[in-house]
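Notes follow once the structure below has been shown.
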Amino acid sequence: MFVLEAKEIEKKFKKSQVLNNISFSISQGEVFGLVGLNGIGKTTLIKIILNLLLQDKGEVTIFSNPNTDLKSKSLIAYLPEKFNPSPFLKGREFLELSMGYYGLDYNSQEAEILCNQLGLKFEALDRRISNYSKGMGQKLGLISVFLTRAPLLILDEPMSGLDPSARIALKKKLISYKADGNSIFFSSHILADIEEICDRIGVIHEGGLIFEGSSKEFISKYPANSLEESFLSAINL
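Structure follows, in structure tokens:
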């Protein structure tokens, strides 16, 4: 059984074909990275997976259930690229609200552990989000998805706004989360991060999925010294 499966997804905006016949799957305990230039359709695909945007053709299943099914939604935790929680809430209040959506109680001890892991001062949760920096807000969003313990995380540019030490901490946490049998789907244009932690990648270019497989297989197909150089070769830049 696939944790996530997309079949022949197509999406057009006016006369522009953004996604064309996109198909891929993610297995349990796998980290899958979606790679592509900015504005190429990564976020559009994620919105379709989450049923936030209707595709023109194709279907998406989450744990073998249609992505329109409420049961599917309860198995996913999502962090958008532009994470903007209410500035009037305190960090702790946001986490309590987020857990409530899943029918879970807020666990202060787990939140403190995650704060320490991701480099956010635990006391910051008692401050209003309006006083957070971009990096602090991103860490709060990441803490919220990890607290759900959802078996599938969908993260759109999760490294956004993080300094180098926080990026390292997040990569360690993602690897740990995967080790517990969970699956992670995330998009990024930081190819070094993709290469380091992803079991497989999908490369989108000009509306199509031009590759699905491991980073090593991609570099073998487009010979180069790094995933970044292989990517540039694949898209003819």
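All residue numbers in the sequence shown are consecutive under the working numbering, ending with 634.
Think of the CB as a built atom: it goes at the ideal place given N, C-alpha and C, for glycine as much as any other residue.
- Closest option to E405, judged by alpha-carbon separation, among N418, D453, H602, N513: N418.
- In chain order, I540, F543 place their CB closer than 6 Å to the CB of L511, counting only its own chain and leaving out the 5 sequence neighbours on each side.
- Taking 8 Å as the upper bound for CB-CB distance, E407 and L416 are in contact here, some 6 Å apart.
- Annotation: I632 to A621 spans about 13 Å, alpha carbon to alpha carbon.
- DSSP, reduced to helix, strand and coil, places V542 within a helical segment of the structure shown.
- Annotation: Y619 is outside any alpha helix (DSSP H) and is labelled neither H nor E by DSSP.
- In this structure, DSSP gives F491 a helical state, which the three-state scheme calls helix.
- G578 counts as exposed, since fewer than 16 other C-beta atoms from the protein chains shown sit within 10 angstroms of its C-beta.
- Here DSSP, grouped into helix, strand and coil, assigns E427 to coil.
- Counting the other CB atoms within 10 Å of its CB gives T465 a total below 16, which places it among the exposed residues.
- For F460, the secondary structure class from DSSP, reduced to helix, strand or coil, is coil.
- Around the CB of A589, fewer than 16 other CB atoms lie within 10 Å, so the residue is classed as exposed.
- If you look at D590, you'll find it in the alpha helix (DSSP H) that goes 588-594.
- Nearest Cα to E478 within the set Y503, K536, I459, G610: K536.
- Y475 sits buried, since 16 or more C-beta atoms from the chains shown fall within 10 Å of its C-beta.
- In the three-state DSSP reduction, Y574 falls in the helix class (H, G or I).
- Taking the C-beta atoms as reference points, E609 is found no nearer than 8 Å to K568.
- In the assembly as shown, F429 is a buried residue. Its beta-carbon has 16 or more other beta-carbons within 10 Å.
- Distance between Y574 and T458, taken at the CA atoms: about 22 Å.
- Nearest C-alpha to I616 among V600, S580, G604: V600.
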